[in-house]
Amino acid sequence: MEWSSGAVLGRGSFGTVRLAFVRRAEDNRPLVMAVKSAPLATSDSLRHEESVLSDLRCCPHLVRCFGHDVTTDAASGAQFYNLFLEYVAGGTLRDVLGRSGGALREPAVRRYARSILRALDRVHSGGYVHCDLKLQNILVENGGADVKIADLGLAKRIEKEIDARDRGSMRGTPLYMSPESVARREYGAPGDIWSFGCAVAEMVTGRPAWSGSDDGDAWGLMFRIGFSDELPDIPSKLSEEGKDFLSRCFVKDPFKRWTAEMLLQHPFIAAEEDLVDAAAACNRCSSTESSPRSVFGLPQWLSPRSPSNSIDSSLMESVAPDSRVSSPSDRIRELATMQQPTWSSPSTSSSADGWIDVRISDANLKSEEPKHETQATLEEMLSRIRRRDDLRPENRI
């Protein structure tokens, strides 16, 4: 297969992820893929991921694998192992929430949760545990229509956990780790369900499931997870069905925690599936109305060179003002001075899982100080906002 390397999508401890453009379609491979590359001598993780995805093929909610090749760098003579994967243009679910500064509405949470559970059910029935399920490893496709699970480099066989528990290095990301994985280094299917619950709670609120986890106290967090009776926060704005659903995920005893198969039958998921089936039936009945009657009725065209990383705004829900930006004044000052927003926390920081964000706007690279005229205008704007706030009835004495 002849292919050329494109833009860098990310970097991790295993190597580099880039776009890959195939020069001629063959072997059912798409023309655009994501390729993970690592030095041949240190490519065990990529080889393992390829093996796992090969065993778990034919699941629409897992990223597809299209094989590998080995290339030699012309300049250095170094050899690289290249793993070709399905390219999902929407980015990670964590990226989407971070860019929007919001959270998902419950219907979207239901739909995404169902897709993730179907993927986990396939992984577990295939004899594997993901071991690192989190929003950063959930990819958004089709403008937010669905999600796929990715990054199975840490996945392991379930029977190995049963025969000889892995007492070595810790697997996973602390904010999503289960009590048994923290306390006893046990990695089984129930651990994935706990991580899934943390991901669902974060989808609802836009914040980590563990309250107060952004203070940088990693050891304190690990103690809370593995050695206390504390449980992650269940969002109060969830429906009663949603709260009950998460309570089945957040059970300390892994043997009493619900499985992916059981959760797929829960009303929180099953009800949404019924709605989707009904909507599909309605779409089939009204297919005669789908033809565009004007240019405004045509679907949006997306360039393959600049794929959309946005999500349908109808799926999003605003987060409380104090969760991202403290006040309108702070937000205006942030925009006027062209400073990059600070989203970093244990759940979003790229350092938590070894990734480096390379999708940085050119505007964020400007180093010039704002001109005095801009500052004067900014102060006038801030003054007007303060005066407006003072005139509000709730602010009058």
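According to the UniProt record's numbering, the sequence shown is numbered sequentially starting from 1.
Note that CB positions come from ideal geometry on N, CA and C, so glycine has one too.
A quick note: this is a predicted structure, and the numbers were derived from the prediction, not measured.
Residues bridged to residue i (per DSSP)
i, result
"residue 478", "This structure gives no information on residue 478, because the portion of the chain shown stretches from 1 to 397."
"Arg11", "Thr16"
"Glu141", "Asp146"
"Val200", "According to DSSP, which records beta bridges pairwise, Val200 is partnered with nothing at all."
"Tyr187", "Bridge partners of Tyr187: none, in fact."
Reduced DSSP secondary structure (H/G/I, E/B, other) of residue i
i, result
"Arg157", "strand"
"Phe245", "helix"
"Gln136", "helix"
"His68", "strand"
"Ala260", "helix"
"Gly172", "coil"
"Phe41", "Here the sequence assigns Ala to residue 41, which means Phe is not the residue at that position. Helix at Ala41."
"Val63", "coil"
"Arg251", "The sequence given here has Val at residue 251, not Arg. Three-state DSSP puts Val251 in coil, outside helix and strand."
"Cys285", "Because the pLDDT at Cys285 is just 34, under 50, the model does not fix this residue reliably, and the point stays unresolved."
"Ala75", "coil"
"Ala103", "strand"
Where the alpha helix (DSSP H) through residue i begins and ends
i, result
"His124", "106 to 125"
"Phe223", "218 to 227"
"Leu46", "44 to 55"
"Leu97", "93 to 100"
"Gly212", "Note, Gly212: premise wrong, no alpha helix (DSSP H); not H, not E."
"Arg184", "179 to 184"
Extent of the continuous beta strand (DSSP E) to which residue i belongs
i, result
"Asp146", "146 to 149"
"Leu85", "79 to 86"
beta-carbon residue i near the ligand GDP non-hydrogen atom, thresh 7 angstroms
i, result
"Arg257", "With respect to the ligand GDP, the structure shown offers nothing to examine, as it has no ligands at all."
Minimum Cβ-Cβ distance from residue i to chain D less than 8 angstroms
i, result
"Tyr176", "As a matter of chain content, chain D is missing from the structure shown, which is built from one protein chain."
**OP:** Say whether the region 51 to 68 touches the region 110 to 123, bearing in mind that this needs 3 or more beta-carbon pairs closer than 8 angstroms, one atom from each stretch.
**Re:** yes
Original post:
Counting Cβ pairs, one atom from each stretch, are 3 or more of them under 8 angstroms apart for the region 196 to 208 and the region 92 to 104?
Top reply: yes
Original post:
Is the region 100 to 117 touching the region 34 to 44 in the sense that three or more CB pairs, one from each, lie closer than 8 angstroms?
Top reply: no
Subject >> At least 3 beta-carbon pairs within less than 8 angstroms: the region 230 to 250 vs the region 74 to 81 >> reply: no
Subject >> Inter-stretch contact (C-beta, 8 angstroms, three-pair minimum) for the region 238 to 246 and the region 174 to 183 >> reply: no
Original post:
Do the region 103 to 112 and the region 8 to 27 meet, that is, are 3 or more Cβ pairs less than 8 angstroms apart?
Top reply: No, they do not touch.
**OP:** Tell me, please, whether the region 146 to 161 touches the region 217 to 224 by the rule of three or more beta-carbon pairs shorter than 8 angstroms.
**Re:** no
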